[in-house]
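Contents: one structure, followed by commentary.
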Amino acid sequence: MNRYAYYPGCSLETMACEYDASFRNVCAHLGISLEEVRDWFCCGAGMVGNLSPLLGLATPMKNLALAHQSGFDQLVAPCSACYNQFKRASQEVEEDADVRKQVEEIIEYPLDHPVAVLHPLEMLQHELDGRTLKIQNDLGHLRVACYYGCLLTRPPKVVNFDQCEDPQSMDRLLQRAGIPTVNWSRKTFCCGAFYAIVNPSKVLELAREILTDAAGAGANAVAVACPVCHLNLDARQPEVNAAYGTEFHLPVFYFTQLLGHALGVPSEGLGLWRHVVDPQPLLGIAGVAAVRS
Amino acid sequence: MLSPGTTAGNGSVLAHLQSVSPNACFQCNRCTAGCPLISAMDLTPAQVVHHLLLENWEPVLKSNSIWVCVHCETCTARCPQEVDISKLFHAARVTAWRSGRVAPDQAIATYFASFLENLYLYGRSAELPLTVICKLKSQDYLRDMALGLRLIARGRLNFLNVPKGAAIYRRLYERVRQKEEASA
Chain Z
1 MNRYAYYPGC
11 SLETMACEYD
21 ASFRNVCAHL
31 GISLEEVRDW
41 FCCGAGMVGN
51 LSPLLGLATP
61 MKNLALAHQS
71 GFDQLVAPCS
81 ACYNQFKRAS
91 QEVEEDADVR
101 KQVEEIIEYP
111 LDHPVAVLHP
121 LEMLQHELDG
131 RTLKIQNDLG
141 HLRVACYYGC
151 LLTRPPKVVN
161 FDQCEDPQSM
171 DRLLQRAGIP
181 TVNWSRKTFC
191 CGAFYAIVNP
201 SKVLELAREI
211 LTDAAGAGAN
221 AVAVACPVCH
231 LNLDARQPEV
241 NAAYGTEFHL
251 PVFYFTQLLG
261 HALGVPSEGL
271 GLWRHVVDPQ
281 PLLGIAGVAA
291 VRS
Chain F
1 MLSPGTTAGN
11 GSVLAHLQSV
21 SPNACFQCNR
31 CTAGCPLISA
41 MDLTPAQVVH
51 HLLLENWEPV
61 LKSNSIWVCV
71 HCETCTARCP
81 QEVDISKLFH
91 AARVTAWRSG
101 RVAPDQAIAT
111 YFASFLENLY
121 LYGRSAELPL
131 TVICKLKSQD
141 YLRDMALGLR
151 LIARGRLNFL
161 NVPKGAAIYR
171 RLYERVRQKE
181 EASA
C-alpha cells in the first residue's frame with residue numbers, strides 16, 4: 001500500500017478545517033494511509049518569497065525535507081497555494097545547481113531524493129484507478145460547477161496538473177461518485193485571492209462573475225479545491241448579493257465533502273455546518289443547525 | 001526583520017530571480033487581456049514587460065501594478081513566447097521592497113509585513129492573530145468585520161494552534177538573514 005505524507009497547511013487548521021476533516025475521513029473510508037508531517041510549518045504561501053527569494057525557497061523545501069526525513073517519498077498537499085509553492089520550489093532547486101546548493105545550506109539537508117508532491121485530486125485519481133466506488137447516497141440531483149482556480153492549474157510547466165485551460169479531473173472524480181457536473185467557462189478564472197485585503201469590492205466583482213457563470217450553466221452547487229477560493233465564493237457570498245442586488249444561494253463545497261457524502265462518510269465528519277451558505281438542505285441532511293448571520 | 005535596503009549579492013537567489021528575461025516579448029498583449037485585476041493596475045502587464053525589456057526599472061518599481069498582482073499565473077500560462085511575466089512581477093516586487101521604494105499607502109505591503117511577523121511568532125499562518133496585527137498596523141478596524149464574525153461563529157478562526165514547527169522556521173529565517181547580511 002502507498003504511504004503518503006500529509007501536509008495540511010495552515011488554512012486547513014482554521015478557516016478550512018472542514019476541508020481537512022472531510023479529506024482525512026474520505027481517505028480513512030477508502031483505506032488510504034495519510035501521516036501528518038511531523039513539525040510542519042507554513043509553506044511560505046507566496047508571501048515569504050516577496051521579501052526574500054532564498055527564504056521563499058528554503059521554507060517549502062525544509063517542509064519537504066521533514067517529510068523525507070520521516071521516510072516518505074510522496075506528499076499530499078490539499079491547499080492549492082501550498083501545492084503550488086512545493087512544486088515551484090522543487091522545480092527551481094532541480095533546475096539550478098547553484099540555487100539548490102544555497103537552499104541545502106540554509107535548510108541543512110541534502111536534496112538528493114526529490115519528494116513527489118500531489119494534490120488530493122491526483123492522489124485519489126491514482127488510488128481509485130480500477131476500483132469500483134460503493135455509492136451510499138444518491139446525489140444525482142446535483143449539478144456541480146467544478147471550480148479549479150489558479151494555483152492548482154498554473155503555470156502548467158510548473159504544476160503539470162491536468163489540462164491548464166480546461167481541467168477535468170475534479171469533474172471525473174465527482175462523476176464517478178454519481179454526481180453530475182456542468183460545463184462552464186470560469187473554472188480556472190481567478191477569484192482575486194488575497195487582493196480582498198486591499199480592495200474587497202474588486203474581489204466581489206470577480207466572485208460575482210464566477211457565481212453568475214456557474215448559475216448560468218445550470219449549476220446548483222460549486223465544488224472547490226482551495227481554501228481561498230472557498231472563502232471568496234462562500235463566506236463573501238452575502239456581500240456579493242448586497243453589493244449587486246443578486247440573490248445567489250449557491251452552496252460551495254470542498255470536493256472532498258461531496259465525495260465523502262456520496263460514499264457514506266457520516267455527515268458529522270464533513271463539517272458542512274461551518275459553511276456560510278448552508279449546503280445541508282441541498283444534500284437532504286437535517287444535520288446541525290446552520291449559524292445565521 | 002529582513003530589512004529593506006539589503007541588495008542582491010552576486011550569485012544570490014535574488015540576483016537569480018532578477019535575471020528572469022523579458023526579452024522574448026513581442027507585445028501581443030495576451031497577458032494584459034487575461035489579467036483578472038487589470039482594472040486596478042496603473043501599468044498593464046505588457047507595459048511592465050516592455051519597461052523591463054528596455055531595462056527601465058524605475059516606472060515599474062514605482063507602479064501599483066506590482067502590488068496588485070496576486071500571481072494567479074494566467075499571464076505566464078498564456079504567453080506564446082514563454083516569458084514568465086508573473087516571475088518578473090515577483091522580481092520587481094522584491095526589488096521595490098528591498099530598495100525601500102514601497103509607498104506607505106500600499107496596504108498589501110502592510111499585509112506582507114504582518115504575515116511575516118506572525119509567521120516568525122507562530123511558524124504557521126494563524127489567521128486571527130494575523131488579522132489583529134494587520135489591523136493594528138493599518139488602523140483599519142472595520143473592514144471585513146462581518147466576514148470575521150461569520151467565520152468565528154462557525155469555529156473557523158481561532159487563537160489556539162500551538163505550532164510546533166515555529167523554531168524550525170525561525171532557524172531558517174536567521175540563517176537567511178545572516179547570509180544576506182554577510183553578502184550585502
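Chain order of the listed sequences is Z and F. So in the numbering used here, the last one in the first sequence is 293, and the numbering has no gaps at all. So in the numbering used here, the last one in the second sequence is 184, and the numbering has no gaps at all. A virtual CB, placed ideally from N, CA and C, is assigned to each residue, including glycine.
Per the DSSP calculation, VAL224 of chain Z is bridged to which residue(s)? As a first step, residue 224 of chain Z is located in the first sequence; it is residue number 224 there, counting from the start. Answer by DSSP bridge pairing, in chain order: Z:TYR254.
Helix, strand or coil for GLU36 of chain Z? Go by DSSP, reduced to three states. Taking the first residue of the first sequence as 1, we reach residue 36 of chain Z at position 36. Strand at GLU36 of chain Z.
Presumed contact (8 Å Cβ cut-off) between LEU173 of chain Z and ASN84 of chain Z, rounded CB distance: For this step, residue 173 of chain Z is matched to residue 173 along the first sequence. For this step, residue 84 of chain Z is matched to residue 84 along the first sequence. Contact doesn't hold; Cβ gap of about 20 Å is too wide.
Helix, strand or coil for VAL115 of chain Z per DSSP? Taking the first residue of the first sequence as position 1, residue 115 of chain Z is located at position 115. DSSP places VAL115 of chain Z in coil when its eight states are reduced to three.
Residues from the stretch 190-210 of chain Z in contact with chain F, defined by Cβ distance under 7 Å: CYS190, GLY192, ALA193, PHE194, TYR195, ILE197, VAL198, ASN199, PRO200, LYS202, LEU206
Close beta carbons around GLY44 of chain Z, own chain, < 7 Å, minus the five adjacent residues each side: To locate residue 44 of chain Z, count along the first sequence from 1; it is residue 44. Excluding sequence neighbours, GLY44 of chain Z sits near GLY56, THR59, PRO60, GLN85.
THR132 of chain Z: buried (16+ other C-beta within 10 angstroms of its C-beta) or exposed? By 1-based counting over the first sequence, the position of residue 132 of chain Z is 132. Result: exposed.
Cα-Cα separation, VAL198 of chain Z to GLY271 of chain Z: Translated into positions along the first sequence, residue 198 of chain Z becomes position 198. Translated into positions along the first sequence, residue 271 of chain Z becomes position 271. One C-alpha to the other measures close to 30 Å.
Give the single residue among Z:TYR109, Z:ASN50, Z:LEU118 whose Cα lies nearest to the Cα of ASP73 of chain Z. Here the question's residue 73 of chain Z lines up with position 73 in the first sequence. The option with the nearest alpha carbon to ASP73 of chain Z is Z:LEU118.
Within 10 angstroms of the Cβ of MET123 of chain Z, are there 16 or more other Cβ atoms? Answer buried if so, exposed if not. On the first sequence, position 123 is the one that residue 123 of chain Z refers to. So MET123 of chain Z ends up on the buried side.
Report the option in Z:LEU204, Z:GLU165, Z:TYR19, Z:GLU105 whose CA atom is closest to the CA atom of GLU180 of chain F. Along the second sequence, read from residue 1 onward, the residue named residue 180 of chain F stands at position 180. Residue Z:GLU105 is the option with its Cα nearest to GLU180 of chain F.
So with Cβ pairs under 8 Å, would you call ALA46 of chain F a contact of chain Z? Translated into the one-based positions of the second sequence, residue 46 of chain F becomes position 46. Judged by the 8 Å Cβ criterion, ALA46 of chain F is not in contact with chain Z.
Is the stretch 3-15 of chain Z touching the stretch 62-80 of chain Z in the sense that three or more CB pairs, one from each, lie closer than 8 Å? A contact exists between the stretch 62-80 of chain Z and the stretch 3-15 of chain Z.
Could you tell me the boundaries of the beta strand (DSSP E) in which ALA5 of chain Z lies? Residue mapping note: residue 5 of chain Z aligns to position 5 of the first sequence, counting from 1. ALA5 of chain Z -> beta strand (DSSP E) spans 3-6.
8 Å Cβ cutoff, GLY5 of chain F in contact with chain Z: The count along the second sequence starts at 1 and reaches residue 5 of chain F at position 5. At GLY5 of chain F, the pLDDT of 48 sits below 50, so the modelled position is not reliable and the matter cannot be decided from this model.
Below 8 Å on the Cβ atoms is my guess for MET41 of chain F versus ASN64 of chain F; work out the distance and round it to an integer in Å. Position 41 of the second sequence, counting from 1, holds the residue named residue 41 of chain F. Position 64 of the second sequence, counting from 1, holds the residue named residue 64 of chain F. Their Cβ separation, rounded to whole angstroms, is 7 Å, which keeps MET41 of chain F and ASN64 of chain F in contact under 8 Å.
Of all the residues that make up the stretch 47-67 of chain Z, which are near chain F by a beta-carbon distance shorter than 9 Å? Result list: MET47, VAL48, GLY49, ASN50, LEU51, SER52, PRO53, LEU54, LEU55, GLY56, LEU57, ALA58, THR59, LYS62, ASN63, LEU66.
Starting from CYS146 of chain Z and walking both ways along the beta strand (DSSP E), at which residues does that stretch end? The residue labelled residue 146 of chain Z in the question sits at position 146 within the first sequence. Per DSSP, CYS146 of chain Z belongs to the beta strand (DSSP E) from 144-146.
Residues of chain Z with CB under 8 Å from THR76 of chain F, in chain order? Walking along the second sequence from the start, residue 76 of chain F turns up at place 76. Chain Z residues near THR76 of chain F: ARG154, PRO155.
Just reading off the alpha helix (DSSP H) that LYS152 of chain Z is part of, what are its end residues? In the first sequence, the residue the question calls residue 152 of chain Z occupies position 152. As written in the sequence, residue 152 of chain Z is Leu, which differs from the Lys given in the question. Per DSSP, LEU152 of chain Z belongs to no alpha helix (DSSP H) and is neither H nor E.
Consult DSSP for GLN136 of chain Z and reduce its assignment to one of helix, strand or coil. For this step, residue 136 of chain Z is matched to residue 136 along the first sequence. Coil.
Mapping the DSSP letters down to three states, classify THR212 of chain Z as helix, strand or coil. By 1-based counting over the first sequence, the position of residue 212 of chain Z is 212. Three-state result, THR212 of chain Z: helix.
Interface residues of chain Z facing TYR111 of chain F [CB-CB closer than 9 Å]: Numbered from 1 along the second sequence, position 111 holds the residue referred to as residue 111 of chain F. MET47, PHE194, ILE197, VAL198, listed in chain order.
LEU75 of chain Z - containing beta strand (DSSP E), residue span: Indexing the first sequence from 1 puts residue 75 of chain Z at position 75. DSSP places LEU75 of chain Z in the uninterrupted beta strand (DSSP E) bounded by 74-76.
I'd like to know if the stretch 258-267 of chain Z and the stretch 136-152 of chain Z are in contact, where contact means that at least 3 CB-CB pairs between them fall below 8 Å. The answer is yes - the stretch 136-152 of chain Z touches the stretch 258-267 of chain Z, with three or more Cβ pairs under 8 Å.
Mind pulling the chain F residues with CB within less than 9 Å of ARG100 of chain Z? Residue mapping note: residue 100 of chain Z aligns to position 100 of the first sequence, counting from 1. Ordered by position in chain F, no residue passes the 9 Å Cβ test against ARG100 of chain Z, which lies about 10 Å from the chain.
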